[in-house]
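Single-structure report; data block below.
4 protein chains.
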Amino acid sequence: MNDRALRTVTSGLGGFHNGVVREAGFDITVASEIMAIFCLATDLKDLENRLGNIVLGYTRGGQPVTVRELNAHGAMTALLRDAFQPNIVQTMENNPALMHGGPFANIAHGCNSVAATTIGLKLADYVVTEAGFGADLGAEKFFNIKCRKAGLSPDAVVLVATIKALKMQGGVAKEDLGAEDVTALKAGLKNLERHIRNLGKFGVPVVVAINRYTADSDAEVAAILDFCKGFGVRAISCTHWADGGEGAVDLAECVVELCDSNAAQFRTLYSDDMSLWEKTATIAREIYGAEDIIADKKVRAQFARYEREGYGSYPICMAKTQYSFSTDPNLLGAPSGHHVPIREIRLAAGAEFIVVVCGAIMTMPGLPRVPAANAIRVNDEGRIEGLF
Amino acid sequence: MNDRALRTVTSGLGGFHNGVVREAGFDITVASEIMAIFCLATDLKDLENRLGNIVLGYTRGGQPVTVRELNAHGAMTALLRDAFQPNIVQTMENNPALMHGGPFANIAHGCNSVAATTIGLKLADYVVTEAGFGADLGAEKFFNIKCRKAGLSPDAVVLVATIKALKMQGGVAKEDLGAEDVTALKAGLKNLERHIRNLGKFGVPVVVAINRYTADSDAEVAAILDFCKGFGVRAISCTHWADGGEGAVDLAECVVELCDSNAAQFRTLYSDDMSLWEKTATIAREIYGAEDIIADKKVRAQFARYEREGYGSYPICMAKTQYSFSTDPNLLGAPSGHHVPIREIRLAAGAEFIVVVCGAIMTMPGLPRVPAANAIRVNDEGRIEGLF
Amino acid sequence: MNDRALRTVTSGLGGFHNGVVREAGFDITVASEIMAIFCLATDLKDLENRLGNIVLGYTRGGQPVTVRELNAHGAMTALLRDAFQPNIVQTMENNPALMHGGPFANIAHGCNSVAATTIGLKLADYVVTEAGFGADLGAEKFFNIKCRKAGLSPDAVVLVATIKALKMQGGVAKEDLGAEDVTALKAGLKNLERHIRNLGKFGVPVVVAINRYTADSDAEVAAILDFCKGFGVRAISCTHWADGGEGAVDLAECVVELCDSNAAQFRTLYSDDMSLWEKTATIAREIYGAEDIIADKKVRAQFARYEREGYGSYPICMAKTQYSFSTDPNLLGAPSGHHVPIREIRLAAGAEFIVVVCGAIMTMPGLPRVPAANAIRVNDEGRIEGLF
Amino acid sequence: MNDRALRTVTSGLGGFHNGVVREAGFDITVASEIMAIFCLATDLKDLENRLGNIVLGYTRGGQPVTVRELNAHGAMTALLRDAFQPNIVQTMENNPALMHGGPFANIAHGCNSVAATTIGLKLADYVVTEAGFGADLGAEKFFNIKCRKAGLSPDAVVLVATIKALKMQGGVAKEDLGAEDVTALKAGLKNLERHIRNLGKFGVPVVVAINRYTADSDAEVAAILDFCKGFGVRAISCTHWADGGEGAVDLAECVVELCDSNAAQFRTLYSDDMSLWEKTATIAREIYGAEDIIADKKVRAQFARYEREGYGSYPICMAKTQYSFSTDPNLLGAPSGHHVPIREIRLAAGAEFIVVVCGAIMTMPGLPRVPAANAIRVNDEGRIEGLF
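Chains as they are written, first to last, in my numbering: chain A, 1 to 388; chain X, 389 to 776; chain G, 777 to 1164; chain S, 1165 to 1552.
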């Protein structure tokens, strides 16, 4: 099956004996609200309850129809029961790691499961978790959604920076990123500065980790170190890409230090009782540097509807490009004064957030030109080959 | 999901980036050609080869497109690898039984897997297998398709008869089948006679098993025993429904006797080298008592096409009603002189047979009004409830 | 627009604001029930009433939904008002001819409008009308549907025969029809004989018109003349194809003679009060030489339903191949003893007949590879070119 | 037919014999590009040429496919030939008026046909034409599209104002517009002022026509007259709604005076050689008072594509709400500093403009709940009733 062909599917055709026609499509697992729920649920009861809360559609009279009304939440929980146990795996250096859950950072909140994080916190002295896709998306949602919901209170933030990305933010074309360019790098540092300032708004101390590549020059690394020093924030050049754990020892020690300092005063960016519009505007202004958000009548009406229906206390899950603080991927550096146009909003009543869409979201990406399945077979010994 | 809504599905909509529009639908597992292949394959290599042979469609130029050309047969075999191991279970009396595979007796050949039968023959002195859906369908396909393909040579046939079914064939209405009616029963015995004569054409000795219900009268049972005696065939009244294995001891001894007599001279009804039309006509005349088969130009052209494409040696897999020897469910008893109209024919190039459709086939039946899923849940101990 | 693309159309997609999804398609004008109604209506009131009677579909509860319930019959009549006036045109020899209406002879009854015929009968001493598509279809429906409904009583029948067609019925391949072949022609005459006998059943005197082509040999023409003489029916060789009206003078005089003889005792083949099944079987036996009709449970149930709903008195409109008296286009000559399988039946409640479908019907044929539209344009004088 | 059901239609279903599947929909006549072309074409040759230029879609390789390549422009012109002759009708006071063409003011340019205007200019001393839908849309497009294309040079503008609309722009709720409210009216006059200033940018003298309703108070009328006087623009209270032509004599005399003064120095707002983006931004800034336009990557890429394909010289046809100078219908009065988000752009290669869509456009509105067709019928005299 070509997965693209599943993007837009009409079922229930062939006459009324076949039920009601429905125009829909398949989403990949990570884009499903079920994945977001799975990652936010605290236990099986909570999982079942959230699955039951999913709003599938609306009656002609405008009343939401939930999974609970279809009485499918019990069976769904049964299907997910075993998957809900977090997986423990080991790194190449034999350290334990929990791998569990993977919601899209675009249409969902982009963090691993609350269950895994909670277990990690019970088992280890220090737990590191990832919140990727740009700190304006990944970190913002980790704080405002996952930490808020799961009652987590992080002690420190590692802000990962690469020299190539900073040069790109400084205006260098993709094909020229290999060459040393300290001037452009310095121009791009205003992007890093914005991220540092943004993270400060959550009250958690920050360390910048320079994820160093072999091509990066010492002058470039020095420029970042200098900049951060002037800014009162520690930056550490890390070489784990080349040297493994050994290359990140300095960083680890710094993180331990930050954690043990008890300097963190974690707070979310907005309170539950702000209006949905105001929450969105707050993220746009405080994190994106925007002047305001704009939306047409239909979107405004939907905000009002969700509040009327009792979803007003939900946090906002922003879906925008990861290439710019603005919604225009070409606006580099640290733009300000721009407007954030909202295309549509979607309710995730089981995940308990409102998705605010500021651009096109692809929930069923295309497979590679040669499907992985082409290489998979059972060999003469009856073993399956070609999975990796 | 309402399964009826899956009967007719259009995918690939939404523009050319989403691939090619395809109007298709889901079939339940047992109606898939993959299930038929699974049950006819002799080993994993054969399974892979047959999966590769499936014809998915035709190019604009009329050339068949196979799974092999999509290079998906390896991955499909990998998915089926573990399922291909037959399951051994036990009966309520702790006897071993192999449960493996379940192709529809309508669109497919209706027997369990060749793998299970072959294993059974290696493990036990006597192996009993089922071929249901009326002996004109079940037994005919077991002999002409499964035995032909797997090189099996059965020693005896148990023809199961119920008194209610024979009275129905004798003209009694469904709601009156409870009352004793020896006259109607005798009228219905010409249906049993036809089945006995049909089975004789395969050269295998037959014993009739009367699957006795508590409501059946002694006079009715006696009428069958008498009829069969006059016919030179043993009939045995069995009470396993009420008494378990004990109630079928006589039958079992008779079967052993028939098997040990080496009286079987098994032969299929038609040879591989007959034309597809002639094979179909042979089944219709010899098994159904029909005068001939009829088909419009389009169907005749398709027969010719399949022969041209090299599928002429395949056996025929008939799809017709199980309520009558004819294609008209109201024609009871042992009709003759009728015509068998062929609606369409389908190629199963992986299963290696041609499906000849003589009526409507439903490959995605409707679920019950209350889905089984409604009762399934995870209870407070974390156990799944409501599966049965 | 490629007209083929209109065969299968799904409308009402895009959500509930756009109404109800409907899977349907376009039919060409001549295949529409409206055309059949238009040709059977006696006046504007009758037209409006019949349009109102069209059954568009059924409610979930199984009740028919008519055009009248949608209150669209008035507007439809308004649209057809001017078209309902028959057109008078002239032939190349300046004789008047009424051209009005053209229902398909397959899914409909194949004759021009009752309005035109009625006007013709008021204006002229002799009115000739056409009922093409083989006398087993065209003439049968003209008599059983149009004459029955309009109270027409024809005085004579001209049965048009071509030598090529008769040789084809005698077994000559299409590409060999050019060569003289009196033997094959004589073999084919049993087809002509069947048509003559069939027409006799309607009580109207027949004359055979040999529509002579330049390639036809005298010996072939003589063979037909001889055959018909032995049969007591006049046959006349006509050359109007080459000579215009002059070439059909003998035929015209014969027709006048037959009409003035008052020999006709017109009767339909079946009465209104026969069951729909029996009417169909009568046509199959009496006209097609069949032994019987066959139909599965679903079709039989639909016959019963239409009778229950009050449509039992309607005549039957057969839809079958015009190449054979049977439903198999390869069964040439005058086959008998065959069975007529009925695929489906359709209600034309406005036209007031039941369509009995015995094969595939194409109600939207494909345009030629080069659309006629390609040649149409407005020239420099503002005149439209390329219409013919 | 429910017209809503035609909004989204999938054709070409049913297999490859039925052509290629196409997901499209019907538009009402006035929303069709053909209507826009029809109204901009100067003669039949130009009409044919423009129809041929319509871009129907793109090949897989990205090349535009035109009507000309399908060779359909000749036939389309033939269909439109008679319709292309302007209709002359008379008003209730027996003055001649040309009624010809009606393109939507949203997706198209909203003015009647160039053919009618040109004929009018040949026949009369003074020609009045309408360009409705708010002067920011109607007048802007009349000047920038129709006048530019047809070489028209208007002598005067009548800016029609109603007191209710001005009170609404001043913040009065719809249900309170009936009551006198001079304060709100005065607040709303900044909307009128913006329109007056905008029209001045086209170099044509303006007179304000107060389209007076019986409910309007003298104080309200006086407020407008005062305001305009202070502004150096004449305003005239008209009562043609109540008094017919008599009520607009003052206005007519003023218009004649303005025309005869030769004060007009008509110019379009932007030149052909500006980029499409810059043209759009010019309209947004100069007419809407916006700070800038914004658009995502996809829209920007399409602007670039159209320029690359040679459509860069086309004027812009804006599609936005008529309720506000901005794209937000709630922003009343004379907003400034706002951003205009562009949702999508569309090419009208036959009409020779680029449609810039700043909101939802409905090209197939819903019919009234009771279709007009319900009242239409042919009466007993054969006359059609119920059309109006």
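Heads up, the beta-carbon is just placed ideally off N, CA and C, and yes, glycines get one too.
Terminal residues of the alpha helix (DSSP H) in which residue i lies
i: His-461(X); result: 461 to 468
i: Glu-381(A); result: Counting along the chain, Glu-381(A) falls outside any alpha helix (DSSP H), and DSSP gives it neither H nor E.
i: Leu-968(G); result: 958 to 976
Span of the beta strand (DSSP E) around residue i
i: Val-1397(S); result: From DSSP, Val-1397(S) is part of no beta strand (DSSP E); its letter is neither H nor E.
i: Leu-1177(S); result: Run containing Leu-1177(S): none; DSSP gives neither H nor E here.
i: Ile-704(X); result: 704 to 707
i: Gln-265(A); result: Element bounds for Gln-265(A): n/a, residue is neither H nor E.
i: Leu-1330(S); result: Looking at the DSSP string, Leu-1330(S) is not in any beta strand (DSSP E); the run it does join, the alpha helix (DSSP H), is 1327 to 1333.
i: Ile-476(X); result: 475 to 478
i: Gly-1221(S); result: 1219 to 1222
i: Val-502(X); result: Premise fails: Val-502(X) lies in the alpha helix (DSSP H), 502 to 511, not in any beta strand (DSSP E).
i: Ala-139(A); result: Unbroken run through Ala-139(A) is the alpha helix (DSSP H), 138 to 141; no beta strand (DSSP E).
Residues near residue i in its chain [Cβ-Cβ closer than 6 Å; skip 5 each side]
i: Arg-1122(G); result: Val-1131
i: Trp-1441(S); result: Phe-1467
i: Ile-224(A); result: Ile-210, Ala-235
i: Asn-1276(S); result: His-1264, Gly-1265
i: Asn-882(G); result: Ala-1095, Ile-1137
Cutoff 8 Å; reference residue i; Cβ partners in own chain excluding five residues on either side
i: Glu-1067(G); result: Arg-1061, Ser-1112, Gly-1113, His-1114, His-1115
i: Glu-1083(G); result: Ser-1051, Leu-1052
i: Ile-376(A); result: Ile-384, Glu-385, Gly-386, Leu-387
i: Leu-755(X); result: Asn-390, Asp-391, Arg-392
i: Leu-823(G); result: Ile-813, Phe-814, Ala-817, Thr-853, Leu-856, Phe-860
Chain-ordered chain S contacts of residue i [CB-CB under 7 Å]
i: Asn-863(G); result: Those within 7 Å of Asn-863(G) in chain S number zero; the least Cβ separation is about 18 Å.
Whole-number beta carbon distance between residue j and residue i, since they are thought to touch under 8 Å
i: Val-502(X); j: Lys-534(X); result: 7 Å
i: Ala-1280(S); j: Pro-1250(S); result: 4 Å
i: Glu-518(X); j: Glu-568(X); result: Not a contact, Cβ separation roughly 29 Å.
Cross-chain neighbours of residue i in chain X, by beta carbon under 7 Å
i: Ile-1069(G); result: Here the premise fails: no neighbours, minimum Cβ distance about 11 Å.
i: Ala-78(A); result: Ile-764, Arg-765, Val-766, Ile-772
i: Ala-24(A); result: Here the premise fails: no neighbours, minimum Cβ distance about 10 Å.
i: Pro-1117(G); result: Ile-682, Pro-729
i: Pro-1105(G); result: Lys-685
i: Gly-1135(G); result: Asp-684
Residue i, DSSP secondary structure in three states
i: Phe-741(X); result: strand
i: Ala-1314(S); result: helix
i: Thr-990(G); result: coil
i: Val-594(X); result: strand
i: Met-487(X); result: strand
Residues that residue i contacts on chain G, provided the C-beta gap is smaller than 9 Å
i: Cys-1212(S); result: The identity of residue 1212(S) in the sequence shown is Glu, whereas the question assumes Cys. The contacting residues are Arg-1153, Val-1154.
Chain A contact residues for residue i, given Cβ-Cβ distances below 7 Å
i: Asn-390(X); result: Gly-19
i: Leu-394(X); result: Ser-11
Chain-ordered chain A contacts of residue i [CB-CB under 9 Å]
i: Leu-789(G); result: Thr-10, Val-21, Glu-23
Beta-carbon proximity list for residue i, same chain, < 7 Å, skipping 5 on both sides
i: Tyr-1478(S); result: Glu-1516, Phe-1517, Ile-1518
Under 8 Å from the C-beta of residue i: neighbouring residues of chain X
i: Ala-301(A); result: Chain X residues near Ala-301(A): none, gap ~26 Å exceeds 8 Å.
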